[in-house]
Amino acid sequence: MRKIEYNISSGKSIDLKHFLITISMTSLISFLFLYIGIDNIIDTNLNLEEKIDQKKYYDTELQKITENEKIFEERIEKIKIKWNRRVVFANSVINSKVFPFIKLLEHFEEILPDMVQLNEIFMDSSKKGEIVISVNSYSIEKLYELYRKLIDNNLVIAAESENGGVYRSKLRVTLKK
């Protein structure tokens with residue numbers, strides 16, 4: 001592009017048509033860049049606001065996930081502690097061989113009278129060889145018969161109840177080797 005030089009002192013006059021075209025084109029290009037710049041800034045601000053809203057949403061979701069993670073980790077730790085206790089107990093039973101489950105079940109099968117149901121059976125880990133059983137009976141006589149059969153095993157009647165003709169009893173017995 002040719003550079004326009006004007007020397008006012010030499011008495012030359014400015015070509016007005018050429019000058020106006022140059023000013024018009026320069027102004028038009030400047031306004032066009034100004035418009036594009038403003039439009040770009042507006043779009044950037046709108047995108048920035050969308051990104052800020054999106055970031056807030058993801059931050060709240062992350063916070064919820066973090067809170068849930070803490071809750072789940074606490075639950076997992078409780079379960080681990082519970083299972084570790086059970087494993088330690090089971091290993092101690094296995095190592096000491098103090099509790100023959102099959103013999104116990106055979107023993108209860110032999111002594112359990114008719115009309116008496118064994119609901120629950122578990123070993124009390126705090127006392128060596130002590131078994132806690134829960135039974136139901138439709139006859140009080142049959143329940144007493146079970147008591148008589150277990151009397152030699154240090155029978156302790158922990159709880160008794162009757163509801164609608166069903167007698168419930170929770171018993172503690174110590175197995176003899």
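Under the numbering used here, think of the first position of the sequence shown as 1, with each following residue one higher.
Backbone N, C-alpha and C fix where the C-beta goes; we use that ideal spot for every residue, glycine too.
Keep in mind that this is a model prediction, so the values were computed, not measured.
With a threshold of 9 Å between beta carbons, is residue i in contact with chain B?
{"i": "Thr60", "result": "Absent from the structure is chain B; it holds one protein chain and no more."}
Which of the three DSSP states is assigned to residue i in this structure?
{"i": "Leu155", "result": "coil"}
{"i": "Leu112", "result": "coil"}
{"i": "Lys257", "result": "Missing from the structure shown is residue 257; the chain here goes from 1 to 177 and no further."}
{"i": "Asp15", "result": "coil"}
Determine which residues share a DSSP beta bridge with residue i and list them.
{"i": "Asn136", "result": "Gln117 and Arg168"}
{"i": "Glu160", "result": "Ser169"}
{"i": "Ile131", "result": "Met123 and Val173"}
Suppose the cutoff is 6 Å on Cβ atoms and the five residues either side in sequence are ignored; what does the same chain contact list for residue i look like?
{"i": "Val156", "result": "Arg172"}
{"i": "Ser134", "result": "Asn119, Glu120 and Lys170"}
{"i": "Ala158", "result": "Lys170 and Arg172"}
Identify, in the order they occur along the chain, each residue of the same chain with its Cβ nearer than 8 Å to the Cβ of residue i, setting aside the five sequence neighbours on each side.
{"i": "Ile111", "result": "Leu146, Lys149 and Leu150"}
{"i": "Tyr167", "result": "Asn136, Ser137, Tyr138, Ser139, Ile140, Leu143, Glu160 and Ser161"}
Closer than 7 Å by C-beta to residue i: which residues in its own chain qualify, once you throw out the five before and the five after it? Chain order, please.
{"i": "Phe122", "result": "Val132"}
{"i": "Gly165", "result": "Tyr138"}
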